[in-house]
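Asker: Numbering (this note's numbering), first residue to last: 168 to 402. Take a look at this one; I'll ask things after.
And the structure:
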């Protein structure tokens, strides 16, 4: 289905806004992903068999629909082939997750992310067509551990085996300097996507190259995991 785009504030628009995401299963994990994607200006279709889940999230996503991820006819009716990324998060039900993944692959969804309960479930979902499998507790545990070791990185989210999107606090050495002076892309091999100023949750994109970095600035960056971790080591 073609989702009707929202009118977002300019500071919320991101490089991912043209993609359409579908989230199947609106437990804590699925709901968090759906609402976070929507927050950053993405078009999000939220799907669950439970009407209560749909009612809870409907105001926070582009569109929310009661449907069964394991029913091919219902998926076809949703024009699921128009979705760029599908996230399968079906409350630890492996059989449903496998069937949903198979159907989404069959219907032509180009990229499928699935949540697995354990390593065995992960291997099965990978074999039936999931491009990326997340073991929620394991991945969150690793992120918490990395967070304890990081100095400048506030949060780090891996996109694949090579690239990550991260929030980094502006180090003291950056304060008072302009973006163009620092030449972050060349020196650190990182791309600045946006900035949040001290005391604000608003993300400002299209950073002016002449902007003077202030104490408390937090930048959203994208780059290779190795380069982001190298930056953290430097500061």
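Just so you know, even glycine gets a beta-carbon here, dropped at the ideal spot from N, CA and C.
Using a threshold of 8 Å, state whether the C-beta atoms of residue 331 and residue 390 are closer than that.
Answerer: Yes, they are a contact pair.
Asker: Between which two residues does the alpha helix (DSSP H) holding residue 197 run?
Answerer: Here the alpha helix (DSSP H) through residue 197 covers 195-206.
Asker: What's the gap between the Cα of residue 233 and the Cα of residue 222?
Answerer: Each residue's Cα considered, the two are about 9 Å apart.
Asker: Starting from residue 391, follow the beta strand (DSSP E) in both directions and report where the run begins and ends.
Answerer: Residues 385-391.
Asker: Tell me the rounded alpha-carbon separation between residue 251 and residue 200.
Answerer: So the alpha carbons of these two residues sit roughly 15 Å apart.
Asker: Starting from the Cα of residue 370, find the closest Cα among 219, 387, 355 and give me that residue.
Answerer: With distances taken between Cα atoms, residue 370 lies closest to 387.
Asker: Could you please give the first and the last residue of the uninterrupted alpha helix (DSSP H) stretch that includes residue 235?
Answerer: Run containing residue 235: none; DSSP gives neither H nor E here.
Asker: Quick one: is residue 215 buried, meaning 16 or more other Cβ sit within 10 Å of its Cβ, or exposed?
Answerer: When all chains shown are included, residue 215 counts as buried.
Asker: Straight-line CA distance for residue 362 to residue 204?
Answerer: Spanning the two alpha carbons is a distance of roughly 17 Å.
Asker: Does residue 225 come out as helix, strand or coil in the three-state DSSP assignment?
Answerer: In the structure shown, residue 225 sits in a helix (DSSP, three-state: H, G or I).
Asker: Considering only residues of the same chain and omitting the five flanking positions on each side of residue 344, which have a CB-CB separation below 8 Å?
Answerer: For residue 344, where only same-chain residues beyond five positions count, the Cβ hits under 8 Å are 379, 380.
Asker: Is residue 279 near residue 249, with beta carbons less than 8 Å apart?
Answerer: Their beta carbons are not under 8 Å apart, which means residue 279 does not touch residue 249 by this criterion.
Asker: Do you know offhand how far residue 392's Cα is from residue 354's?
Answerer: Distance between the alpha carbons of residue 392 and residue 354 is about 15 Å.
Asker: Let me see if you follow: with CB-CB separation under 8 Å, is residue 281 close to chain C or not?
Answerer: In the displayed structure, chain C is absent; only one protein chain is listed.
Asker: Could you name the residues that DSSP lists as bridge partners for residue 192?
Answerer: Answer is none; residue 192 lacks a bridge partner.
Asker: For residue 211, which residues from the same chain have a beta carbon less than 6 Å from its beta carbon, with the 5 sequence-adjacent residues on both sides left out?
Answerer: Same-chain partners within the cutoff: 188, 201, 204, 205, 228, 229.
Asker: For residue 367 and residue 258, I'd like the C-alpha separation in whole angstroms.
Answerer: Each residue's alpha carbon lies about 34 Å from the other.
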